[in-house]
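Data first, discussion second: the structure below is written as structure tokens.
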Amino acid sequence: MAGEWFSAKLRRETATLISFDLEPPSAEWSPSRQTDESGHPWYWKLEVLREALDRLIDVRVTAIWRGIECNLGGYNNGIVHARVRTNPEQEAKVRRGEIPEIVMADRTEYVGTFLWEDLEDIRMEEKDLKK
10 MAGEWFSAKL RRETATLISF DLEPPSAEWS PSRQTDESGH PWYWKLEVLR
60 EALDRLIDVR VTAIWRGIEC NLGGYNNGIV HARVRTNPEQ EAKVRRGEIP
110 EIVMADRTEY VGTFLWEDLE DIRMEEKDLK K
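Residue numbering for the sequence shown follows our numbering, starting at 10 and increasing by one per position.
Laid out in structure tokens, this is it:
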């Protein structure tokens, strides 16, 4: 696995590596509980100590949707899912249902589903966490 890149979910001392390949990278990887319609796992996972990672890069992709700042979290077939940074005026509109593309995930977090083509000022930031 040396030299390969994976997504990771971080904890204090460990990282759960995620691979979306059809087959696991090696025998010690476990399948996800979720499966597609053919019964194939959505992803493979492996928990490792954070200190065992060669590199750890935090990648953030941000954009603007109709003047609202977004942290992009997922993309599939032209549809983007994002955490949304709202101001009080926008929050009130979301609560009233005036911006149906954005919903409250919990009492302090807002998420949105947008068309890729409607995004502006798309930026990617990388921060090396192991330096």
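Quick reminder that beta carbons are idealized off the backbone N, C-alpha and C, glycines included.
Since the model is a prediction, treat every value here as computed from it, not as a measurement.
Q99 is positioned such that its CB atom lies closer than 8 Å to that of I77. V93 counts as buried, since no fewer than 16 other beta carbons sit within 10 angstroms of its beta carbon.
Looking only at P97, G87, E56, the smallest Cα-Cα distance to F123 is reached by G87. For the 8 Å CB-CB criterion, R64 and D137 form a contact.
In the three-state reduction of the DSSP assignment, K54 falls in the strand class.
Under the three-state reduction of DSSP output, P97 falls in the helix class. Classified as exposed, L31 has fewer than 16 neighbouring CB atoms from the shown chains inside 10 Å of its CB. Residue environment analysis places T117 among the exposed positions, since fewer than 16 neighbouring C-beta atoms fall within 10 angstroms of its C-beta.
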